[in-house]
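So the sequence shown is numbered by the working numbering: it starts at 1203 and just counts up by one. Below is one structure, written out as structure tokens; the observations come after it.
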Amino acid sequence: MKIIATISTTLYKMEKVLAVILMSVMLGSIALGVVFRYFFGNPLTWTDELAVYMLIWLTFVGGSMSVKSGKAASLDLVFERVQLIWKKIFLIVGYACAILFAAIVAYMAIQWISNPSIQTKISPGLKISMFLPYLAIPFGLVCLTVHSFHHFIQAFTYKENDTGDEGSEVK
């Protein structure tokens, strides 16, 4: 249990740093594109593409972070009105489904980006391998699997007023 918690927390800290970098690059790219387009009359073709790729990465990294921090969208109308045993069951089943889904899709995404046709595909504006933007999918889903597994283990010891430590809420 402790090793999973450590891995999940370390991964979360790395995701925070990555999210700040991705957001900064995206913002800088958009600003640079605006400046060159409207002030110099010479648009840079790659800035919009870079911003889109940063947004894709942010989506998958942010989704994983929201699961870890307990801030992912959820419907708790029923959850708040049932007994503790049912809450535990809901949490265990929910996280088991999340683990299963994320692990299967991550595996499929790894198979997909390992395909030579994907690795040789080049982006039109940046002229980089499309492997890099597509790598966001398995990366985010593997992180989500780790965080969900951590919560899955925590769900067995869930208590009514359990807030957990920062960045590791169960519900």
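Where a beta carbon is used, it is the ideal one built from N, C-alpha and C, also for glycine.
Three-state class that DSSP yields for residue i in the structure shown
{"i": "S1271", "result": "helix"}
{"i": "I1258", "result": "helix"}
{"i": "D1367", "result": "In this prediction, D1367 has a pLDDT of 49, which is less than 50 and means its spatial position is unreliable; what the coordinates show is noted afterwards. Residue state, collapsed to three classes: coil."}
{"i": "I1330", "result": "coil"}
{"i": "K1189", "result": "Any property of residue 1189 remains undetermined from this structure, which presents the chain solely from 1203 to 1373."}
{"i": "S1276", "result": "coil"}
{"i": "G1243", "result": "coil"}
{"i": "Y1360", "result": "coil"}
{"i": "Q1313", "result": "helix"}
{"i": "V1284", "result": "coil"}
{"i": "F1303", "result": "helix"}
Candidates the options, of which the one nearest residue i by Cα
{"i": "E1251", "options": "K1329, S1350 and Y1360", "result": "K1329"}
{"i": "I1157", "options": "L1337, Y1297, K1290 and L1257", "result": "Here the chain has residues from 1203 to 1373 only, and residue 1157 is not among them."}
{"i": "S1316", "options": "V1344, P1340, E1362 and V1269", "result": "P1340"}
{"i": "W1259", "options": "F1303, S1210, V1219 and V1348", "result": "V1219"}
{"i": "L1346", "options": "T1249, M1267 and A1233", "result": "M1267"}
{"i": "K1361", "options": "V1263, G1272, L1224 and K1290", "result": "K1290"}
{"i": "F1358", "options": "Y1309, V1295 and V1344", "result": "V1295"}
{"i": "H1353", "options": "Y1297, L1279 and L1286", "result": "Y1297"}
{"i": "W1248", "options": "V1348, G1342, I1324 and G1265", "result": "I1324"}
{"i": "E1217", "options": "V1254, Y1255 and V1269", "result": "V1269"}
{"i": "I1232", "options": "K1215, S1210, I1205 and A1253", "result": "A1253"}
{"i": "L1213", "options": "G1264, W1288 and N1244", "result": "G1264"}
{"i": "K1334", "options": "P1326, Q1321 and L1343", "result": "Per the sequence presented here, residue 1334 reads as Leu, with Lys not at that position. The shortest C-alpha separation from L1334 is found at Q1321."}
Unbroken alpha helix (DSSP H) run spanning residue i, endpoints
{"i": "K1215", "result": "K1204 to V1236"}
{"i": "Q1356", "result": "A1338 to A1357"}
Paired residues, beta bridge with residue i - DSSP
{"i": "I1324", "result": "S1331"}
Distance cut-off 6 Å: residue i Cβ against heavy atoms of the ligand GTP
{"i": "I1258", "result": "This structure simply doesn't include the ligand GTP, nor any ligand for that matter."}
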